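Working notes, beginning with the structure itself.
Protein chains in written order, with this note's numbering: chain Y, 20 to 591; chain P, -15 to 698.
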């Protein structure tokens, strides 16, 4: 008997941000993310507590996907950061941290939230206008005719992930490799609607990083290849390997097992009839002089045997993720039926080889026109490999974003402090009419702007994890780091050597000041200048598109959360 | 689901403490003289005998995250190298402790990470000068083996159970006279007769405890009760177990009388020029004193080299070696046989009688041989109903029909022998016996490959696929006979040998009378096989016996003495102020921590091998060498010289020190440096971790657990 239960009324929570639980959770989350930030960030072990796989990471993509939070406010925050990560891969922690900082700073201001929102939107537009203008002193343009800047971008991504456990030679080696892989994916001929190719990561866990390699074309793991006849694909016509690509299962099982029962009289075997169907296809493939059959799923052993006897090479279990690059590489659409084949459905390849890597056997498919490549990625253990894979994917994505918009931002905290000092300078000279437009007083505006700048600066400060002082200079507005253990002295130039991004040295006296600690800035800042040299070999650079989006997402999410008045929870 | 979050206290890093306590259990497993351990499961009272780091870790309860990562690291090293796991485990422990002490002294984490990983890198580059090409190893070992007084000491070491097996004794005499190497796989050329081959190449003796009489209890009886894990590890010293001859590798008391006579006999033969047999010397140098495995390995090498000469295949191929463990035979029966040796039931063995010596038609199957088996990726349809339209006559049951069909196929193709990768249906097995067809299940893939190559058989998945072209021919099956010619009946299972003329496959038949030791023997065998394999892959080996570690220590001393601010030079390429700052200040402390790992490694090895009576004595000896190396100006030259003289850590306290000729020992290059790197990576990975995030747990469960106060919830 069904039992009816009375519906519970929904729970209303007003002014959620003022609740203790929310601010506690928020500061815990911000603490976790802060400790992960940057090349010296601390790692987190993610595991189920009963002895399963342990994921060691400091990357936002891994962290956020397995953090489960109970409060809706935090869920909003995490959802928008995850959305940013899925679009840009990079700057996830920056976005989340900035958002947390903004919420905490704005919440503590004694200004109505609608005013805060208006002012902060204005501040954001100031930032974005500056970043997009030629005058912007914290960005460098990326020259694709030389590799230096590109290498810097990739290297910055790799070094900011300490759980990859790479040493310097390994970072250099992988940086070059990732860039090489990216170059493979850029088509030689540029037409309208040019699409970048794809780099597929082939896992080889347990090997040292220096064993990693890039190969043009695709690798399909074939563990049973040593049991098959040692075959090489023949070329029937015009020196090309005629290829048939199947995305249906050819294992000979029944195609529609979902619903309804099939009734067959005794003595008739469905398996046999399926197999006959497959062998018919096989016959047609042989008649059409196909040289290579690749199947996403499994090929029935009998069909394999038949194809091999007729000198057709058969490769199965290619997997779903390879289908799109395979179809691009062979120039054919995957065949989705085993009932009819049209003569136009075949593609071609330049070469097929058997490669052995570590203890694995691969079939290596080599196309005529390379826009698809395989990055054989090695790392010593699984947890470090997984982290490295995420880092490599991020680096590839950063390069893709950069080719669309050939700009990069100075990393190592310099963009944040530079932006903050730019905003400080800019807001000093704002006319009274603009305050009127926003409906706020100059004081209110100054308060919000200060909160905004401090939020940016404290993101830069999060890069330091072992104590020590963070400085900024008045000339360029860059970020400088002094290790702990030194007494506070007036002459900082003895202690600093280079700024966070590495573009400025400490040769001249740049009039440093402490970033944290003091209330209100004593100096009216001038407009931060361009650094003297813009091209340096070893800079820390951030992806322009990702950081710009991060800034926007952080501010807009913070505004959204500040604007929350009620949380209505369905308790059923 | 709620997410829990646990802070690891920075000063007393819990993860590092866990690593250090887990690794402490592996202390006695370090070096060539390992003490076995019993691991007792308190809940079931079952115990396991282990003698390697992999088996130790496998048998421990590792629910903590650091434990899991340690397990993963050890398994990765094992998968890749099969050697170096004890080194890895030990260094993980030593470096965890050293890093914990750095934390106590308030050294920043980033400084520890960057100094340690750079210094290790620098050490790995430095020790390249102690590499020696495998070609030179052979030359060196040859020249050393004709040294006059080398011989005497070796005969001392041969405490063996030759009396068990007169035939081996004869062989041994022959071999000794052919060359005076301790392991005389000799100059005899391969003859077509397999028997002859066996006689010469395949008779290793029981493990000789070459220096084991000198092993002293190292005082680690106290070693490690791993708290709370429900598993007790206790190390059992050899001394305690000498009453059981199976657990003791020395067996001195048994053979002391024979030894004397033997020695007298041998001393008559003196130095004849040594004949080189390629990899044999290398195998010996890598064996680190394990004679049984070494002899098996040398047999394999000799066989494969001869094959390589006329077939052009590679010199040493581990894919062509399998093992077969025979429980119930004394260890002296271990040998290497061409072909595939495996165990079958007595009923199956009766089939062999009908085969006699005729060549058999062989079928290879790469799946199971059962009615239900379908190839991987085949989804069974669950909703098919079969309708019986003419329910008249009593039809055969479906299963019987299948059986009949399969037997029909096998008999019509006149198949005599079927090698199946997976399982075999019991009923079919019986039917085959009745039809004089021998079916062997659970055959490894490499074995199928070897038979495919030599017989021309093409593996099939289903019998219905079978065509005449898939069959191979020329196989022979016989009951496996021990080296003294007796066929063995081991009760439940009978060893049989499948061979084909010209097959590349070799089976190492490993024998033991003690069940718990079987696994251990097999592991050790594979370790040696892989050591040789990696040495050939690398093309070079390290000087062993502590030379490499000593050079690392002296190199670290030198790094520490370098003027401060080396960071500026090293960092020229890529400046990272967030990591690089503050490094120089803490450099000496951190370098010392790194050095402590190798120092402890050396002293524990010296204690385990009884070259030092105590760790203190070992440390003194190490310091002594370090001082001399520094005085000499070029530490690597000093170490090389001492190594060639055989003077490195030769043990000052042992009474035999004067006349124990130290055999030159070599180590794998990549396996060793990789073990270091993996160990340090693990320690640094755990060091940099400041919190655990536990997913998928119910909040209440965590709140009720004993450490609930440590958790925070989001």
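Note that CB positions come from ideal geometry on N, CA and C, so glycine has one too.
Computed from a prediction, not measured in an experiment: that's the story for all the values here.
The C-beta distance from residue 457 of chain Y to residue 141 of chain Y rounds to 6 Å, short enough to fall under 8 Å.
Membership of residue 66 of chain Y in any alpha helix (DSSP H) is not indicated; the residue belongs instead to the beta strand (DSSP E) covering 62 to 66.
Residues of chain P with a Cβ closer than 9 Å to the Cβ of residue 67 of chain Y are, in chain order, 678, 679, 680 and 681. Annotation for residue 43 of chain Y: the continuous alpha helix (DSSP H) segment containing it runs 39 to 55. By the criterion of a C-beta distance shorter than 6 Å, residue 431 of chain Y is surrounded in its chain by 519, 520 and 559, once the five residues flanking it on both sides are discounted. Membership of residue 11 of chain P in any alpha helix (DSSP H) is not indicated, and neither H nor E is assigned to it by DSSP. When secondary structure is reduced to three states using DSSP, residue 279 of chain Y falls in the coil class, being assigned neither helix nor strand. The residues 393, in chain order, have a CB closer than 6 Å to that of residue 234 of chain Y in the same chain once the five nearest residues on each side in sequence are set aside. One alpha carbon belongs to residue 518 of chain P, the other to residue 623 of chain P, and they sit about 24 Å apart.
Listed along chain Y, the residues sitting closer than 8 Å to residue 56 of chain P by beta-carbon distance are 73, 400, 401 and 402. Taken in chain order, the whole beta strand (DSSP E) runs of length 3 or more contained in the region 357 to 438 of chain Y are 366 to 368, 370 to 376, 379 to 385, 391 to 398 and 426 to 429.
Per DSSP, residue 358 of chain P is not a residue of any alpha helix (DSSP H), being assigned neither H nor E. In this structure, DSSP gives residue 267 of chain Y a state outside helix and strand, which the three-state scheme calls coil. Only residues of its own chain outside the window of five on either side were considered, and among them none has a CB closer than 6 Å to the CB of residue 448 of chain P. Taking a C-beta distance under 7 Å as the contact criterion, residue 125 of chain Y and residue 585 of chain Y do not qualify as a contact pair. For a Cβ distance threshold of 9 Å, residue set 361 of chain P lies close to residue 316 of chain Y, ordered along the chain. By the C-beta criterion, the region 43 to 63 of chain P is judged to be in contact with the region 395 to 403 of chain Y, since at least 3 inter-stretch pairs fall below 8 Å. A contact between stretches requires three or more CB pairs, one per stretch, nearer than 8 Å, and the region 477 to 496 of chain P meets this requirement with the region 427 to 446 of chain P. Apart from sequence neighbours up to five positions away, the residues of its chain that approach residue 653 of chain P with a beta-carbon distance below 7 Å are 115, 522, 524, 525 and 526, ordered along the chain. Identification of chain Y residues near residue 621 of chain P by a Cβ-Cβ cut-off of 9 Å yields none; the smallest Cβ-Cβ distance measures about 27 Å. If the five residues before and after residue 330 of chain P are omitted, its C-beta is found closer than 7 Å to the C-beta atoms of 478, all from its own chain and listed in chain order.
Interface flag for residue 111 of chain Y against chain P is unset, since no Cβ pair is found closer than 7 Å.
Three or more beta-carbon pairs separated by less than 8 Å link the region 399 to 408 of chain P to the region 349 to 362 of chain P, which places the two stretches in contact. Within chain P, no residue has its beta carbon less than 9 Å from that of residue 147 of chain Y; the closest one is some 27 Å off. Along the region 423 to 447 of chain P, the alpha helix (DSSP H) occurs as fully enclosed runs of 4 or more residues at 429 to 439, listed in sequence order. Distance from the CA of residue 68 of chain Y to the CA of residue 341 of chain Y, rounded to the nearest whole angstrom, comes to 34 Å. With a threshold of 7 Å between beta carbons, residue 61 of chain Y makes contact with chain P. Excluding residues up to 5 positions away in sequence, 203 and 235 lie with their Cβ nearer than 6 Å to the Cβ of residue 389 of chain Y in the same chain.
For the pair residue 590 of chain Y and residue 46 of chain P, the Cα-to-Cα distance works out to about 40 Å.
The DSSP-derived three-state label of residue 499 of chain Y is strand. Residue nearest to residue 60 of chain Y within the set Y/516, Y/482 and Y/548 is Y/482 (criterion: CA-CA distance).
Between the region -1 to 6 of chain P and the region 487 to 497 of chain P, the count of C-beta pairs closer than 8 Å stays below three; the two stretches do not touch.
When CB distances to chain P are screened at a threshold of 9 Å, the residues of the region 226 to 245 of chain Y falling below it are 226, 227, 242, 243 and 245, in chain order. The three-state reading of DSSP puts residue 679 of chain P in coil, since its state is none of H, G, I, E or B. The alpha-carbon separation between residue 269 of chain Y and residue 670 of chain P amounts to approximately 46 Å. Among the residues of the region 293 to 320 of chain Y, those with a Cβ less than 8 Å away from any Cβ of chain P are 316, 317, 319 and 320, in the order of the chain.
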